[in-house]
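Below is one structure, written out as structure tokens, with a few remarks after it.
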Amino acid sequence: MTETTGTDSRPAPLVVLSGVNNHFGAPHGLQDIDLEITRGEVVVLTGQSGSGNSTLCRTINRLGTGHSGPIARHRRPLPAEGRELAQLRAEVRIGFQSSNLFAPKTVLEHVGLA
Numbered sequence: 189m190t191e192t193t194g195t196d197s198r199p200a201p202l203v204v205l206s207g208v209n210n211h212f213g214a215p216h217g218l219q220d221i222d223l224e225i226t227r228g229e230v231v232v233l234t235g236q237s238g239s240g241n242s243t244l245c246r247t248i249n250r251l252g253t254g255h256s257g258p259i260a261r262h263r264r265p266l267p268a269e270g271r272e273l274a275q276l277r278a279e280v281r282i283g284f285q286s287s288n289l290f291a292p293k294t295v296l297e298h299v300g301l302a
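Each number in the working numbering corresponds to the 1-based position in the sequence shown with 188 added.
Shown next, in the form of structure tokens:
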């Protein structure tokens with residue numbers, strides 16, 4: 189059974205970011221990010237180098253520091269440490285940008301390796 193929200197038939201969000209910011213000194217790495225991800229949904233972030241893709245992923249799985257704004261997983265604040273944090277990191281996949289692709293593989297096969 190899939191949990192839903194109120195009268196909405198969509199599944200309850202798995203991860204919710206509300207007005208999340210991340211600063212590296214003066215410059216913003218992320219500014220006022222709102223995002224909801226539901227169970228089973230695949231989210232792909234693309235963009236130029238330096239546009240905040242990796243920063244957002246690192247913020248969601250608590251590999252980065254310096255963020256402000258609430259981030260919830262299963263309607264609870266992100267864990268700061270321990271088994272729950274390890275589980276969160278196991279569920280958030282990051283395919284880092286690299287030019288080290290394997291020539292005979294398709295894009296889908298490369299994504300599967302990430």
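No residue lacks a Cβ here, since even glycine has one placed at the ideal position from N, Cα and C.
Every value quoted in this text rests on a predicted model; they were computed, and no experiment measured them.
Segment limits, alpha helix (DSSP H) that includes residue i
i, result
"residue 240", "Segment: none, residue 240 is in no alpha helix (DSSP H) and carries neither H nor E."
"residue 274", "270-279"
First and last residue of the uninterrupted beta strand (DSSP E) at residue i
i, result
"residue 224", "216-226"
Strand pairing of residue i, partner residues [DSSP]
i, result
"residue 255", "210"
"residue 260", "204 and 265"
Backbone CA spacing between residue i and residue j [nearest angstrom]
i, j, result
"residue 263", "residue 297", "33 Å"
"residue 278", "residue 218", "23 Å"
"residue 230", "residue 213", "32 Å"
"residue 206", "residue 280", "18 Å"
"residue 189", "residue 200", "Confidence at residue 189 is low in this model, with a pLDDT of 46, below 50, so its placement is unreliable and the value that follows should be read with caution. Their backbone Cα atoms lie some 12 Å apart in a straight line."
"residue 221", "residue 259", "10 Å"
"residue 241", "residue 268", "22 Å"
"residue 275", "residue 266", "11 Å"
Option in the options with minimal Cα separation from residue i
i, options, result
"residue 239", "276, 281, 199 and 215", "215"
"residue 223", "250, 202 and 271", "202"
"residue 271", "209, 241, 249 and 232", "249"
"residue 208", "295, 198, 227 and 243", "243"
"residue 227", "204, 236 and 235", "204"
"residue 300", "225, 232 and 198", "232"
Integer-rounded CB distance, given that residue j should sit under 8 Å from residue i
i, j, result
"residue 180", "residue 252", "Because the chain is modelled from 189 through 302, residue 180 falls outside the range shown and cannot be assessed."
"residue 211", "residue 257", "About 11 Å; that fails the 8 Å criterion."
heavy atom of the ligand HEM below 8 Å from residue i C-beta
i, result
"residue 256", "Ligands in the displayed structure: none, and consequently the ligand HEM is not present."
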